[in-house]
Amino acid sequence: MWLLRVHKRLNKQLLIVGIFCLTCFGCGKEEQEVNIYAASSLTEAVSAVVERYEEIYKVEAKIVFAGSNHLAAQLRDGADTDVFITADVDLVDGLGFESILEGFAYNSLVVVKPVAFIDKSFGPSDLTSDEKLIAICSEGVPCGDATKSKFGIINADTYEMNVKAVLTRVASMEVDLGIVYETDLKNEPNVTAAWPQEITCPCVSYAAASSGKKGTDFNDFLTSDIAKEIFSSHGFSL
Amino acid sequence: MNRIPKTVVLFATIAILFLLSPLIGLLQRMPWSGLADLLGSDVVLDAFLLSLLVSFSAALAVLVFGIPIAWFLARSNFPFMKLLRAVVLLPMVLPPVVGGTALLFAFGRQGFLGKWLSDWFGLTLPFTTAGSVVAAVFVSMPFFVVAVESAFRSINEDLEKTAETLGASPPKIFLRITLPRIFPSIIAGLALSWARALGEFGATITFAGNMPGETQTLPLAIFLALETKPEAALALSLVMIVTSLAILIPFRDQWLPSR
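Going line by line, the protein sequences match chains U and C. So for the first sequence, the numbering used here puts the first residue at 322; every next one is plus one. So for the second sequence, the numbering used here puts the first residue at 1219; every next one is plus one.
This is the structure:
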């Protein structure tokens, strides 16, 4: 009987110690962890930058990738992050970030087709004809606004919510043509330029908004030589 | 009337308040003053009409094909019945986006059936209104089948057998004896699956894409607007809520199996 009682007490003490350990583990980690929200067009490049950042500064980082508007909407509704990297600097307005780093990388748009359609030839007139299936970004999201200002009216068949969705449509051959970022060409082996295109403008300029020391430290790293090298190796202009 | 125990009332109240609070939140943030302009815009009108077209077409397809499935599941001696039922109900648990991707693998341009449809009939489903209906049928069919199958099971087969021995033809037996008794469940199942089709988002955007006037139903328009024009999203949500209430409220008392 007494054995049981001792056990019970011991259990309770263990439980308290256990809970205590769990809480301190949790808070310790959270204090060091850098939270990053980044536009989906940056998925590969920012992942690579963050990996180097973690290595060099021995910190942990958590990244969320989604369309810039989607992330901004989440932040407006109470999500919290140290860094918000967006393809449209206007989206930062009213989110309460302390500092903004503008134009640390640029991207341009390109018309792509599936690699499997290598024998089919396309031209700019296909963008306005009814014959081809075309996916582009929806107006209102950064890649869609850029598409509109660069290409004007396009006879599209589907308007996607972010550039990765357009890329998926082309890569899976569900559409003939899609308009994506130049950098996507490097990251997706199943798509290729639909015809030789001159890169005429830096259509999209990325901005990184940050709050607190963790955020500012990461933003400083974004302009370091290491980060610059990663961005240019992924096809961004600087 | 039976007295309902206080505990039941308490828990029911909590649950109802929980279900009601998001609705209150929505109404409280609604931009009432600019509502007329928002509701009158082409985007809203197109999405509304398209949603009606897609959800009612889906409900019709569900009715025509759902009754035979339910009948078969309830009455057949097919050996792998449990497996078959699980397959039929799968769209209920499958994340809709996965369902949409799977539909692409089947009916997309590169899909094993889609390829054939396009080569032989020049028919492509993705990026068309028909594709939206296909996606809606896929996700909403199980809701109807569940309701109607249980109705088939609950009715006594003796009456049908008696009618048969008295020489009634199978169509007559179905129309005069079976159908009237499963009718309330058909209506209830139809209302459920229609509502599911109206709210369908994930499979539609994955399979049919997003094109105003063609595949952009209310939920798609809402999702896009949430990120780019939040007040329009609220107005669109109001349209959806009013539409579904307008259809579902009249059904409730008249047709659901009564006590």
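In this text, a Cβ means the ideal position worked out from N, Cα and C, and glycines have one as well. Being a predicted model, the structure only gives us computed values, none of them experimental.
Check whether the Cβ atoms of Ile-439/U and Ile-500/U lie closer than 8 Å to each other.
By 1-based counting over the first sequence, the position of residue 439/U is 118. By 1-based counting over the first sequence, the position of residue 500/U is 179. For Ile-439/U and Ile-500/U, no; Cβs fall outside 8 Å.
At a Cβ threshold of 8 Å, is Gly-473/U touching chain C?
Position 152 of the first sequence, counted from the first residue, corresponds to residue 473/U. Between Gly-473/U and chain C, the shortest Cβ-Cβ separation is not below 8 Å.
I'd like the ranges of any beta strand (DSSP E) spanning at least 3 consecutive residues and lying wholly in the segment 435 to 473 of chain U.
List check, beta strand (DSSP E) in window: 455 to 458.
Is Phe-552/U helix, strand or coil by DSSP?
Here the question's residue 552/U lines up with position 231 in the first sequence. Judged by DSSP in its simplified three-state form, Phe-552/U adopts helix.
From Gly-473/U, Leu-422/U, Phe-418/U, residue whose alpha carbon lies closest to that of Pro-445/U:
Indexing the first sequence from 1 puts residue 445/U at position 124. It is Gly-473/U.
I need the straight-line Cα distance from Thr-1433/C to Asp-541/U, nearest angstrom please.
Stepping through the second sequence from its first residue, residue 1433/C is reached at position 215. Stepping through the first sequence from its first residue, residue 541/U is reached at position 220. Going by the C-alpha atoms only, they are around 44 Å apart.
Neighbourhood of Lys-453/U by C-beta distance below 6 Å, restricted to the same chain and skipping five residues each side:
By 1-based counting over the first sequence, the position of residue 453/U is 132. Only Asp-447, Asp-497, Leu-498 meet the Cβ criterion.
May I ask you to report which of helix, strand or coil DSSP gives Lys-383/U?
The residue you call residue 383/U lines up with position 62 of the first sequence. For Lys-383/U, the three-state secondary structure derived from DSSP is strand.
Just checking my contact of Pro-1360/C with Leu-1307/C at CB under 8 Å: how many whole Å lie between their CB atoms?
Looking up residue 1360/C in the second sequence gives position 142. Looking up residue 1307/C in the second sequence gives position 89. Confirmed, Cβ separation roughly 5 Å.
Apart from the five residues on each side of it in sequence, which residues of its chain come closer than 7 Å, Cβ to Cβ, to Phe-552/U?
In the first sequence, residue 552/U corresponds to position 231, counting from 1. Around Phe-552/U: Ala-366, Ala-426, Leu-559.
Using the C-alpha atoms, what's the distance from Pro-1402/C back to Pro-1249/C?
In the second sequence, the residue the question calls residue 1249/C occupies position 31. In the second sequence, the residue the question calls residue 1402/C occupies position 184. Near 39 Å, if we compare the C-alpha coordinates of Pro-1402/C and Pro-1249/C.
Find the residues of chain C that neighbour Leu-454/U, judging by a C-beta separation of less than 9 Å, and give them in chain order.
For this step, residue 454/U is matched to residue 133 along the first sequence. What Leu-454/U touches in chain C: Arg-1327, Thr-1342, Pro-1344, Phe-1345.
Check whether Ile-1523/C and Phe-1370/C have beta carbons under 8 Å apart:
Outside the modelled stretch of chain C, which goes from 1219 to 1477, sits residue 1523/C, for which no answer is possible.
Which whole-angstrom value is the C-beta distance of Asn-511/U and Gly-388/U, which I expect to be below 8 Å?
Looking up residue 511/U in the first sequence gives position 190. Looking up residue 388/U in the first sequence gives position 67. Cβ-Cβ separation between Asn-511/U and Gly-388/U: approximately 21 Å, too far for a contact (criterion under 8 Å).
Is DSSP giving Thr-521/U helix, strand or coil here?
Taking the first sequence and counting its residues from 1, the one referred to as residue 521/U is at position 200. If DSSP states are grouped into helix, strand and coil, Thr-521/U belongs with coil.
Taking Glu-481/U as the query, report the chain C residues whose CB atoms sit under 9 Å from its CB, ordered along the chain.
Here residue 481/U refers to the residue found at position 160 of the first sequence. Within 9 Å Cβ-Cβ: Ile-1423, Gly-1427, Asn-1428.
If you draw a straight line from the C-alpha of Phe-405/U to the C-alpha of Val-385/U, how long is it?
Working through the first sequence from its first residue, we reach residue 405/U at position 84. Working through the first sequence from its first residue, we reach residue 385/U at position 64. Inter-residue distance for Phe-405/U and Val-385/U is about 10 Å (C-alpha atoms, whole angstroms).
What are the boundary residues of the alpha helix (DSSP H) that includes Thr-513/U?
Residue mapping note: residue 513/U aligns to position 192 of the first sequence, counting from 1. Taken as a continuous stretch (DSSP letters only), Thr-513/U belongs to no alpha helix (DSSP H), being part of the beta strand (DSSP E) at 512 to 514.
Best match in Pro-1314/C, Ala-1365/C, Phe-1469/C, Ile-1465/C for proximity to Gly-1284/C [C-alpha to C-alpha]:
Residue 1284/C sits at position 66 when you count from the first residue of the second sequence. Considering only alpha carbons, the answer is Ala-1365/C.
Roughly how many angstroms separate the alpha carbons of Lys-549/U and Gly-424/U, rounded to a whole number?
By 1-based counting over the first sequence, the position of residue 549/U is 228. By 1-based counting over the first sequence, the position of residue 424/U is 103. Spanning the two alpha carbons is a distance of roughly 12 Å.
Does any C-beta atom of chain C lie closer than 8 Å to the C-beta of Asp-538/U?
The residue labelled residue 538/U in the question sits at position 217 within the first sequence. Closer than 8 Å: no.
Tell me whether Pro-1437/C is buried or exposed, calling it buried when 16 or more other Cβ atoms sit within 10 Å of its Cβ.
Within the second sequence, residue 1437/C is the residue found at index 219, counting from 1. By the 10 Å Cβ count, Pro-1437/C comes out buried.
Pick from Trp-1412/C, Phe-1441/C, Phe-1339/C that is closest to Ser-1462/C, judged by C-alpha positions:
By 1-based counting over the second sequence, the position of residue 1462/C is 244. When each option's Cα is compared against that of Ser-1462/C, the closest is Trp-1412/C.
For Cys-342/U, I'd like the list of residues in its chain whose CB is within less than 6 Å of its CB, leaving aside the five on either flank, ordered along the chain.
The residue given as residue 342/U occupies position 21 in the first sequence. Because the pLDDT of Cys-342/U is 49, which lies under 50, any placement of that residue in the model is unreliable, and the number read from its coordinates should be weighed accordingly. A distance below 6 Å between beta-carbons, with the five flanking residues on each side excluded, links Cys-342/U to no residue of its chain.
Taking just the CA atoms, how far does Ala-437/U sit from Ile-357/U?
Here residue 357/U refers to the residue found at position 36 when the first sequence is read from its first residue. Here residue 437/U refers to the residue found at position 116 when the first sequence is read from its first residue. C-alpha separation (whole angstroms): 36 Å.
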